[in-house]
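Protein chains in written order, with the numbering used here: chain A, 79 to 302; chain B, 79 to 302. Backbone N, C-alpha and C fix where the C-beta goes; we use that ideal spot for every residue, glycine too. All values derive from a computational prediction rather than experimental measurement. Input: a single structure, listed below in structure tokens.
Number of protein chains: 2
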Amino acid sequence: MFETEIPESKSARTRARISEAAIASFIERGYADTTMRLIADRAGVSVGNAYYYFPSKNHLVQDLYERVQREHAGAAVPLLAEERGLVDRLRIVFESGLDTLVPYQRSAPGFLSAMIAPDSPINPLSADSGPAREMTVSLFREAVSGAQHRLPTDVAALLPEALFVAYLGLVLRWTYDSSAGQEKTRRMLDAGLRLLAVSLPFVRMPGLHQTTRELLTLVVEMRS
Amino acid sequence: MFETEIPESKSARTRARISEAAIASFIERGYADTTMRLIADRAGVSVGNAYYYFPSKNHLVQDLYERVQREHAGAAVPLLAEERGLVDRLRIVFESGLDTLVPYQRSAPGFLSAMIAPDSPINPLSADSGPAREMTVSLFREAVSGAQHRLPTDVAALLPEALFVAYLGLVLRWTYDSSAGQEKTRRMLDAGLRLLAVSLPFVRMPGLHQTTRELLTLVVEMRS
Numbered sequence: 079m080f081e082t083e084i085p086e087s088k089s090a091r092t093r094a095r096i097s098e099a100a101i102a103s104f105i106e107r108g109y110a111d112t113t114m115r116l117i118a119d120r121a122g123v124s125v126g127n128a129y130y131y132f133p134s135k136n137h138l139v140q141d142l143y144e145r146v147q148r149e150h151a152g153a154a155v156p157l158l159a160e161e162r163g164l165v166d167r168l169r170i171v172f173e174s175g176l177d178t179l180v181p182y183q184r185s186a187p188g189f190l191s192a193m194i195a196p197d198s199p200i201n202p203l204s205a206d207s208g209p210a211r212e213m214t215v216s217l218f219r220e221a222v223s224g225a226q227h228r229l230p231t232d233v234a235a236l237l238p239e240a241l242f243v244a245y246l247g248l249v250l251r252w253t254y255d256s257s258a259g260q261e262k263t264r265r266m267l268d269a270g271l272r273l274l275a276v277s278l279p280f281v282r283m284p285g286l287h288q289t290t291r292e293l294l295t296l297v298v299e300m301r302s
Numbered sequence: 079m080f081e082t083e084i085p086e087s088k089s090a091r092t093r094a095r096i097s098e099a100a101i102a103s104f105i106e107r108g109y110a111d112t113t114m115r116l117i118a119d120r121a122g123v124s125v126g127n128a129y130y131y132f133p134s135k136n137h138l139v140q141d142l143y144e145r146v147q148r149e150h151a152g153a154a155v156p157l158l159a160e161e162r163g164l165v166d167r168l169r170i171v172f173e174s175g176l177d178t179l180v181p182y183q184r185s186a187p188g189f190l191s192a193m194i195a196p197d198s199p200i201n202p203l204s205a206d207s208g209p210a211r212e213m214t215v216s217l218f219r220e221a222v223s224g225a226q227h228r229l230p231t232d233v234a235a236l237l238p239e240a241l242f243v244a245y246l247g248l249v250l251r252w253t254y255d256s257s258a259g260q261e262k263t264r265r266m267l268d269a270g271l272r273l274l275a276v277s278l279p280f281v282r283m284p285g286l287h288q289t290t291r292e293l294l295t296l297v298v299e300m301r302s
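This is how it looks when you write it as structure tokens:
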């Protein structure tokens with residue numbers, strides 16, 4: 079289920095064990111019912127030792143975010159190497175992102191309640207989530223910059239961060255999706271990408287170009 | 079700030095007093111820190127009496143939703159009478175909705191955390207929220223049905239419920255908006271409506287028509 083590297087030092091192995099225990103507990107018990115004590119017990123370390131590696135439960139959530147992003151990039155990058163069309167490249171990033179999230183679908187509503195507050199440190203738009211967010215934005219940046227497209231330069235530059243916000247919207251809808259295999263979310267993504275493919279050529283039109291840039295700028299500003 | 083009717087009976091007056099006390103407390107203390115005891119004290123009734131009128135705090139939230147929707151309709155309907163263009167009519171409904179929410183902006187993040195869980199009875203997509211949701215959907219239905227437009231019939235029929243989901247997305251963004259007067263949300267709405275105005279004529283094109291219908295159908299299905 080997870081990419082597991084073989085940690086070199088005892089310290090790295092302990093850290094990895096705590097991280098694994100936290101993820102297992104998040105999946106089994108959910109975010110709210112997972113405590114540092116439960117994580118330490120499961121990892122076979124003292125609570126003090128767990129706090130030494132991760133100063134709070136939310137640091138373990140950030141660790142999980144970064145792990146999920148590494149897996150996401152690991153799945154998307156080889157597929158991107160084979161595809162030049164912009165919308166098809168975006169499809170790769172969105173779809174592999176949903177694939178990577180599958181193990182967390184049942185526990186997602188509990189995470190959502192904890193992360194949705196604007197001042198939550200585990201909010202994906204928070205400063206604390208910056209490193210994990212930047213990994214996903216980079217993936218969208220690679221999808222856009224490696225594509226054959228005729229988008230205006232300013233629109234193409236805004237797209238990766240705006241796509242990250244769209245991705246959060248998709249994941250929000252996915253969290254609510256009780257259909258088998260979250261089929262409804264995948265069909266919604268597919269229909270959205272097909273509409274995007276038809277609409278993109280029009281973005282070069284003078285009136286549309288400016289309004290699109292305005293809207294994307296405002297979407298990107300949601301982060302700050 | 080609120081539409082106040084003069085309740086006819088003692089019972090209706092007591093109910094209204096409890097409702098006012100709840101809203102005042104939600105605004106001052108937020109959702110989480112408002113209890114039935116605080117509401118009863120503030121309204122000058124016993125806790126038992128408060129529970130007689132509203133079986134739970136969440137019933138008072140539904141009461142608040144319905145009140146906000148009545149205010150929203152009260153502001154939008156007279157403006158709709160003066161306007162025939164579809165996008166301008168949608169602008170009226172979206173903008174008057176944001177106006178109606180102004181008193182609740184500071185307490186909105188607390189409500190968001192409580193309402194975002196898919197199984198929360200105060201989730202705007204829940205069965206319990208059906209009556210309040212239906213009031214907003216009706217407003218969008220009136221905006222669409224009273225407009226001069228050339229949209230395909232099936233798309234026009236799906237639009238009101240899909241617009242309700244878009245409205246929730248806008249309110250979610252507004253909850254995060256710390257700019258003065260939530261100016262960024264209003265500019266985002268404006269740019270979105272201008273893009274919509276340019277895009278709508280294309281919906282009649284055969285390829286776009288079917289994909290738009292698919293996407294709207296999937297958006298509407300988020301409710302169930």
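Q. Applying the criterion that 16 or more other CB atoms from any shown protein chain within 10 Å of the CB defines a buried residue, is B/D111 buried or exposed?
A. As a working mapping, residue 111 of chain B is identified with position 33 in the second sequence. When all chains shown are included, B/D111 counts as exposed.
Q: List the residues of chain B that A/I194 touches, going by C-beta distances under 7 Å, in chain order.
A: Position 116 of the first sequence, counted from the start, is the residue given in the question as residue 194 of chain A. Simply L190, S191 and I194.
Q: Can you pull the chain B residues whose beta carbon is under 7 Å from the beta carbon of A/G270, in chain order?
A: Here residue 270 of chain A refers to the residue found at position 192 of the first sequence. Near A/G270 (Cβ distances below 7 Å), the residues of chain B are L293.
Q) Residues bridged to A/Q226 by DSSP? A) Along the first sequence, one-based indexing puts residue 226 of chain A at 148. Answer is A/G163.
Q) Shorter than 8 Å from the beta carbon of B/M213 to some beta carbon of chain E? A) Protein chains in the displayed structure are A and B, and chain E is not among them.
Q. If A/L190 and B/A195 are in contact, beta carbons under 8 Å, what's the gap, nearest whole angstrom?
A. Working through the first sequence from its first residue, we reach residue 190 of chain A at position 112. Working through the second sequence from its first residue, we reach residue 195 of chain B at position 117. Contact holds; Cβ gap of about 7 Å.
Q) By a C-beta neighbour count over all protein chains shown, 10 Å radius and 16 as the cutoff for buried, is A/E86 buried or exposed? A) Working through the first sequence from its first residue, we reach residue 86 of chain A at position 8. Classification for A/E86: exposed.
Q) Applying a beta-carbon distance threshold of less than 9 Å, which residues of chain B neighbour A/K262? A) Here residue 262 of chain A refers to the residue found at position 184 when the first sequence is read from its first residue. Under the 9 Å cutoff, chain B gives L296, E299 and M300.
Q) Excluding the five sequence neighbours on either side, which residues of its own chain have a C-beta within less than 6 Å of the C-beta of B/L286, listed in chain order? A) As a working mapping, residue 286 of chain B is identified with position 208 in the second sequence. Cβ neighbours of B/L286 beyond the five flanking positions: F280.
Q. In chain order, what residues of the same chain have a beta carbon less than 8 Å from the beta carbon of A/L294, not counting five sequence neighbours either side?
A. As a working mapping, residue 294 of chain A is identified with position 216 in the first sequence. Correct list, in chain order: V233, L236, L237 and A240.
Q: Measuring only between beta-carbons, confirm whether B/L286 sits less than 8 Å from chain A.
A: Residue 286 of chain B sits at position 208 when you count from the first residue of the second sequence. Taking Cβ atoms only, chain A reaches closer than 8 Å to B/L286, which makes this a yes.
(Q) Please report whether the beta-carbon of A/R25 lies at a distance below 8 Å from any beta-carbon of chain B. (A) The question about residue 25 of chain A has no answer here: the residues shown for chain A are numbered 79 through 302.
(Q) In whole angstroms, give me the CA-to-CA distance for A/T263 and A/D255. (A) Your numbering for residue 263 of chain A matches position 185 in the first sequence. Your numbering for residue 255 of chain A matches position 177 in the first sequence. Their backbone Cα atoms lie some 7 Å apart in a straight line.
Q. If you run the structure through DSSP and keep just helix, strand and coil, what is A/N201?
A. As a first step, residue 201 of chain A is located in the first sequence; it is residue number 123 there, counting from the start. In this structure, A/N201 counts as coil in the three-state DSSP scheme.
Q. Under a Cβ-count criterion, where at least 16 other Cβ atoms within 10 Å of its own Cβ denotes burial, should B/K88 be classed as buried or exposed?
A. As a first step, residue 88 of chain B must be located in the second sequence, where it is residue number 10. So B/K88 ends up on the exposed side.
Q: Figure out for me which residue from A/V165, A/W252 and A/L273 has the closest Cα to the Cα of A/G224.
A: Counted from its first residue, the first sequence places residue 224 of chain A at position 146. Ranking A/V165, A/W252 and A/L273 by Cα distance to A/G224 puts A/V165 first.
(Q) What does the Cβ neighbour count give for A/M283, buried or exposed, with the cut at 16 atoms within 10 Å? (A) Here residue 283 of chain A refers to the residue found at position 205 of the first sequence. Result: exposed.
(Q) Counting only Cβ pairs nearer than 8 Å, list the residues of chain B close to A/P202. (A) Residue mapping note: residue 202 of chain A aligns to position 124 of the first sequence, counting from 1. Simply none; closest approach about 12 Å.
Q) From A/P187 to B/M114, what distance separates their C-alpha atoms? A) Position 109 of the first sequence, counting from 1, holds the residue named residue 187 of chain A. Position 36 of the second sequence, counting from 1, holds the residue named residue 114 of chain B. C-alpha separation (whole angstroms): 26 Å.
Q.
So, at 7 Å on beta carbons, what are the nonlocal neighbours of A/V243 in its own chain, with the 5 sequence-adjacent residues on each side left out?
A. Indexing the first sequence from 1 puts residue 243 of chain A at position 165. The answer, listed in chain order, is V297 and M300.
Q. Taking the alpha-carbon positions, what's the B/T92 to B/Q183 distance?
A. Along the second sequence, one-based indexing puts residue 92 of chain B at 14. Along the second sequence, one-based indexing puts residue 183 of chain B at 105. Cα to Cα, the separation comes out at about 27 Å.
Q | Start-to-end residues for the alpha helix (DSSP H) that takes in A/Y130 | A | By 1-based counting over the first sequence, the position of residue 130 of chain A is 52. From DSSP, the alpha helix (DSSP H) with A/Y130 extends over V125 to Y131.
(Q) Residues of chain A with CB closer than 9 Å to the CB of B/V276, please, in chain order. (A) Indexing the second sequence from 1 puts residue 276 of chain B at position 198. The contacting residues are F280, M283, G285, L286 and T289.
**Q.** Rounded distance between the beta-carbons of A/A151 and A/M213, thought under 8 Å
**A.** Along the first sequence, one-based indexing puts residue 213 of chain A at 135. Along the first sequence, one-based indexing puts residue 151 of chain A at 73. Going by Cβ atoms, the distance from A/M213 to A/A151 rounds to 7 Å, so yes, they are a contact pair.
Q: Quick one: using the 10 Å Cβ neighbour count with 16 as the cut-off for buried, is A/E106 buried or exposed?
A: By 1-based counting over the first sequence, the position of residue 106 of chain A is 28. With fewer than 16 other Cβ atoms within 10 Å, it is exposed.
Q.
Considering Cα atoms alone, identify which of A/L168, A/A205, A/E144 and A/P209 is closest to A/L273.
A. In the first sequence, the residue the question calls residue 273 of chain A occupies position 195. Minimum Cα distance to A/L273 is reached at A/L168.
Q: Count the C-beta pairs between the segment 203-211 of chain A and the segment 114-129 of chain A that are closer than 8 Å, then say yes if the count reaches three, no if not.
A: no
Q) Looking at the C-beta of B/P187, does it have a partner C-beta in chain A at a distance below 8 Å? A) Here residue 187 of chain B refers to the residue found at position 109 when the second sequence is read from its first residue. So, interface residue.
Q | Separation of A/A221 from A/R211, as counted between CA atoms | A | On the first sequence, residue 211 of chain A is found 133 positions in, with the first residue counted as 1. On the first sequence, residue 221 of chain A is found 143 positions in, with the first residue counted as 1. Their Cα atoms are separated by approximately 15 Å.
Q: Say whether chain A places a C-beta atom closer than 8 Å to the C-beta of B/Y130.
A: Along the second sequence, read from residue 1 onward, the residue named residue 130 of chain B stands at position 52. For B/Y130, the answer is no, since every Cβ of chain A falls outside 8 Å of its Cβ.
Q: Give the DSSP-derived three-state secondary structure of A/M79 in the structure shown.
A: Working through the first sequence from its first residue, we reach residue 79 of chain A at position 1. Residue confidence for A/M79 is low, a pLDDT of 47 falling below 50, so the modelled location carries little weight; the figure read from the coordinates is stated next. DSSP places A/M79 in coil when its eight states are reduced to three.
Q. Given a limit of 9 Å on CB to CB distance, which residues of the segment 248-261 of chain B reach chain A?
A. L250, R251, T253, Y254, D255, S256 and S257
Q) Is A/L217 near A/V146, with beta carbons less than 8 Å apart? A) Start at 1 with the first residue of the first sequence, and residue 217 of chain A comes out as number 139. Start at 1 with the first residue of the first sequence, and residue 146 of chain A comes out as number 68. Not in contact: A/L217 and A/V146 (Cβ atoms no closer than 8 Å).
Q. Rounded C-beta distance between B/L248 and B/L267? I'm assuming under 8 Å.
A. To locate residue 248 of chain B, count along the second sequence from 1; it is residue 170. To locate residue 267 of chain B, count along the second sequence from 1; it is residue 189. Indeed they touch by this definition, with Cβ atoms about 6 Å apart.
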